[in-house]
Structures are given as structure tokens and as C-alpha cells.
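In my numbering, the protein residues as written are -16 to 298. No residue lacks a Cβ here, since even glycine has one placed at the ideal position from N, Cα and C. I have placed the structure first, in the form of C-alpha cells, so that the comments after it can refer back to it.
Below, the structure is given as C-alpha cells:
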């Protein structure tokens, strides 16, 4: 059985941030497209690293892959079991929950009946995290990709309150508007940040010396999230790509490299900081939105999410 990395090994950042010996087991979602693809490539070529990707299509060309459909909680559970079987009892040293989706409305539903943006971006990753927590190594790193769209300071459509039940089962609206779809995406990214905060504050994180990071890749033209846009809006993606140097927008490659470097310990959070934000090609560690800092909102989301995914433990 592969020994998990020691906290001393992970804490030694004087070289390249790598443990001194042993295999580093990395489990990742969202590593086959968008910024996740260059991130996965960078992680896969790091020495003594074993990368396991969750993907709908198994032949990714990067690392190993196991089937995963984030719109199905049954598939999420099967993936978690398959990972544990593949690792043969070895611990997970790095967990990267990066996959995300966005729609131009809130009409779509997951296999379990939840609004799909909320189901894929939040519930599926919440369940994966809960299933993997007992299998994390001492000194493990957990990264959850979020977005600055959760913050009213960056996005006027960002949520001012959080109602998990309404996000899971929206009603009283047609759901066909682009604003509704974007609000759902922004709310799901707020959920990602709240989940990261909850884990970071947990007794398990303290005892396990886990490093928890919520990563905002910022405005990054060229990712697959453009698929949600209506036909008349898609040319704007080309305009954004052309103007990227002028706008100082992030490239897919840079956003992916930053994600990989955070995962591999090559970039280390300042003491007491959790939210890593890549804006205008510069990684900073600002405060998240006020709503993301509220413990009552955080705890309520954690408990309601546990009910939704069928976990008996409501901690």
C-alpha cells in the first residue's frame, strides 16, 4: 500500500513543493476541457504523481480516467467507489474539484430531479467531497473551483441571499431567461466557496493538516462555458479572445497553470487565506463576498445539501 504523504513533506516548500518520496495520488474532476485540461497535463507530468480523472469519456490522453457523470448522484457514488478500489487503500493527497457547467436558463434537470447547474456545480462535488474525506492523506490539499461571479462587487446579478431549496427546485419562473441561468451559475459558485470554508474550519481539516483552497480563475475567454450562450452571443467569445491582451483577461493556459501550481503546492496561500482569485493575470487572496463569509449560511447549506444527497450525517 502506498504511504500517504506526511505533513512535513507537504510543508517543505523550499524546493518545488513536492514530497520527498512516494507516489502523490491526485483525483480531479473537470480535467478534460477548458482550463482543467492544461491543469491536468501539468499535474500528470509532475514526478511521482498518479492522476485519476473523472470523465464522461474515458480516453482523455492525460492520466487515468474513470467514468463520471456529475448530473447523476448514482454515478458520483460509483466513481468514488471506483477511485478507492483503484487506489487499493492508498490515501488521496490532492483532490481537485474543478468541473462546472452553465446554461442559458434554469429549465434543465439532473437525473435526480435537481436544477442541473446546482446539481453539477454544487451537489455532485459536495457529495464527492463527503465521500472522499475519510480517504484523504495527512497534509492533503483540497481545491474547489469557484468564481468571482459569486460576489456583488464583481457581478450585479450575484446572490444577496442563499436558498438551497429554491436553487435545487426553482419555481415561480419560466426559467428561460439568460439572467436566470447566470444567477444559477453565480449561486452555485457561492455554494462552492461556502463548502470550501466549511471543510477548512472542520475538526478533520485541523487534525489532518489539510490545505483547502477555493480557486477563482477569473474572466477566462476560451473555456467551454461559452456553450450556454445563445447563437447571437457566441461571436462575443471571439471578440473577447481578440481583445484579451488589451483587457488583460486570463488565458486558459495561465488559469490552468495556476490551478495546477496550487494543487501541487508550488503556490502557497498566505496564512489564514482560502480564496485564491486570478484577475487580470494576477493571483491575489482577497476576502470573498460578505454572504460567503457568513457561518449561518455556510452551515445551513451544508446540512441541506446532506439531506439532498442522502447522507445521514448532518455535520
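Legend entry - Residue burial classification, residue 180 (beta-carbon count within 10 angstroms, cutoff 16): Here the question's residue 180 lines up with position 197 in the chain shown. Counting Cβ neighbours within 10 Å, residue 180 comes out buried, since at least 16 surround it.
Inset, instruction - Would you check if there are 3 or more beta carbon pairs closer than 8 Å linking the region 162 to 171 to the region 135 to 151? - result: yes
Inset, instruction - Report, in whole angstroms, the separation of the C-beta atoms of residue 50 and residue 236, which I expect to be a contact under 8 Å. - result: Translated into the one-based positions of the chain shown, residue 50 becomes position 67. Translated into the one-based positions of the chain shown, residue 236 becomes position 253. 27 Å between Cβ atoms; not a contact.
Inset, instruction - Would you mind sorting residue 186 into buried or exposed? The rule is 16 or more other CB atoms within 10 Å of its CB. - result: Position 203 of the chain shown holds residue 186. Its Cβ having fewer than 16 others within 10 Å, residue 186 is exposed.
Inset, instruction - Could you pull out every residue in the same chain whose Cβ sits closer than 7 Å to the Cβ of residue 216, ignoring the five residues on either side in sequence? - result: What you label residue 216 is simply residue 233 of the chain shown in a count that begins at 1. Its pLDDT being 47, under 50, residue 216 is placed unreliably by the model, and the measurement read from it follows with that caveat. Excluding residues within five positions, none has a Cβ falling inside 7 Å.
Inset, instruction - Express the C-alpha separation of residue 26 and residue 291 in angstroms, rounding to a whole number. - result: Your numbering for residue 291 matches position 308 in the chain shown. Your numbering for residue 26 matches position 43 in the chain shown. Their Cα atoms are separated by approximately 33 Å.
Inset, instruction - Would you identify the three-state DSSP class for residue 251, choosing helix, strand or coil? - result: Sequence index remark: in the chain shown, residue 251 carries index 268 (1-based). It is coil, neither helix nor strand.
Inset, instruction - Would you check if the distance between the CB atom of residue 84 and the CB atom of residue 59 is smaller than 8 Å? - result: Along the chain shown, read from residue 1 onward, the residue named residue 84 stands at position 101. Along the chain shown, read from residue 1 onward, the residue named residue 59 stands at position 76. Result no, Cβ atoms of residue 84 and residue 59 do not sit closer than 8 Å.
Inset, instruction - Please determine, among 192, 197, 30 and 191, the residue with the shortest C-alpha to C-alpha distance to residue 175. - result: Position 192 of the chain shown, counting from 1, holds the residue named residue 175. With distances taken between Cα atoms, residue 175 lies closest to 197.
Inset, instruction - Answer with buried or exposed for residue 233, where buried requires no fewer than 16 other C-beta atoms within 10 angstroms of its C-beta. - result: Here the question's residue 233 lines up with position 250 in the chain shown. Label assigned to residue 233: buried.
Inset, instruction - Go through its chain and collect everything with a Cβ distance to residue 303's Cβ below 7 Å, but skip five positions before and after it. - result: Beyond the ends of the chain as shown, which are -16 and 298, falls residue 303; an answer cannot be given.
Legend entry - Status (buried if at least 16 other CB within 10 Å, exposed otherwise) for residue 241: For the purposes of this step, residue 241 is taken as the residue at position 258 of the chain shown. It is buried - the Cβ of residue 241 has at least 16 other Cβ atoms within 10 Å.
Legend entry - Own chain residues within Cβ distance below 6 Å of residue 94, not counting five before or after: Residue mapping note: residue 94 aligns to position 111 of the chain shown, counting from 1. The residues are 54 and 55.
Legend entry - Among 67, 81, 62 and 7, nearest to residue 17 - alpha-carbon criterion: Taking the first residue of the chain shown as position 1, residue 17 is located at position 34. Checking every option, the nearest Cα to that of residue 17 belongs to 81.
Inset, instruction - Keeping to the same chain, check which residues put their C-beta closer than 8 Å to that of residue 62; ignore five residues upstream and five downstream. - result: For the purposes of this step, residue 62 is taken as residue 79 along the chain shown, with counting starting at 1. Closer than 8 Å at the Cβ level, and outside the excluded window around residue 62, lie 37, 49, 50, 51 and 111.
Legend entry - Three-state secondary structure assigned by DSSP to residue 138: Here residue 138 is taken as the residue at index 155 of the chain shown, counted from 1. It is coil, neither helix nor strand.
Inset, instruction - List in chain order: all unbroken alpha helix (DSSP H) runs of 4+ residues lying wholly within the region 12 to 68. - result: 19 to 27
Inset, instruction - Please name the residue in 131, 116 and 132 whose C-alpha comes closest to that of residue 125. - result: Translated into positions along the chain shown, residue 125 becomes position 142. Closest by alpha carbon: 116.
Legend entry - residue 91, DSSP secondary structure in three states: Here residue 91 refers to the residue found at position 108 when the chain shown is read from its first residue. Coil.
Legend entry - Whole runs of the beta strand (DSSP E) within the region 99 to 150, excluding any shorter than 3 residues: 119 to 128
Inset, instruction - For residue 266, collect the residues of the same chain with a Cβ closer than 8 Å to its Cβ; drop the 5 residues on either side in sequence, then sort them by chain order. - result: The sequence position of residue 266 within the chain shown is 283, counting from 1. So the list reads 241, 250, 259 and 260, once near-sequence residues are dropped.
Inset, instruction - With DSSP collapsed to three states, give me the class of residue 259. - result: For the purposes of this step, residue 259 is identified with residue 276 of the chain shown, where counting begins at 1. Three-state result, residue 259: strand.
Inset, instruction - Use the C-beta contact count for residue -14: other C-beta atoms within 10 angstroms, 16 or more gives buried, fewer gives exposed. - result: Reading the chain shown from its first residue, position 3 is the one you call residue -14. Because residue -14 carries a pLDDT of 37, less than 50, the predicted location of this residue cannot be relied on, and the following value inherits that uncertainty. Exposed, because fewer than 16 other Cβ atoms sit within 10 Å of the Cβ of residue -14.
Inset, instruction - Check whether the Cβ atoms of residue 271 and residue 134 sit closer than 8 Å, and answer yes or no. - result: Numbered from its first residue, the chain shown carries residue 271 at position 288. Numbered from its first residue, the chain shown carries residue 134 at position 151. Going by C-beta atoms, residue 271 is nearer than 8 Å to residue 134.
Legend entry - Integer-rounded CB distance, given that residue 173 should sit under 8 Å from residue 274: As a first step, residue 274 must be located in the chain shown, where it is residue number 291. As a first step, residue 173 must be located in the chain shown, where it is residue number 190. Residue 274 to residue 173, Cβ: 7 Å. Contact.
Inset, instruction - Grab the span of the beta strand (DSSP E) containing residue 199 for me, first residue to last. - result: Position 216 of the chain shown, counted from the start, is the residue given in the question as residue 199. Counting along the chain, the beta strand (DSSP E) containing residue 199 begins and ends at 194 to 199.
Legend entry - Residue environment, residue 218, which counts as buried when at least 16 other CB atoms sit within 10 Å: What you label residue 218 is simply residue 235 of the chain shown in a count that begins at 1. Low per-residue confidence applies at residue 218: pLDDT is 48, beneath 50, and the placement is therefore not dependable enough to give any value.
Inset, instruction - Just the C-alpha distance for residue 247 and residue 154, rounded to the nearest angstrom, thanks. - result: Mapped onto the chain shown, residue 247 falls at position 264. Mapped onto the chain shown, residue 154 falls at position 171. Whole-angstrom Cα-Cα distance: 42 Å.
Legend entry - Closest by C-alpha distance to residue 132, when choosing among 99, 113, 194 and 199: The residue given as residue 132 occupies position 149 in the chain shown. Per the Cα distances, 199.
Inset, instruction - Could you tell me whether the Cβ atoms of residue 193 and residue 123 are closer together than 8 Å? - result: Against the chain shown, residue 193 aligns to sequence position 210. Against the chain shown, residue 123 aligns to sequence position 140. Yes. Within cutoff.
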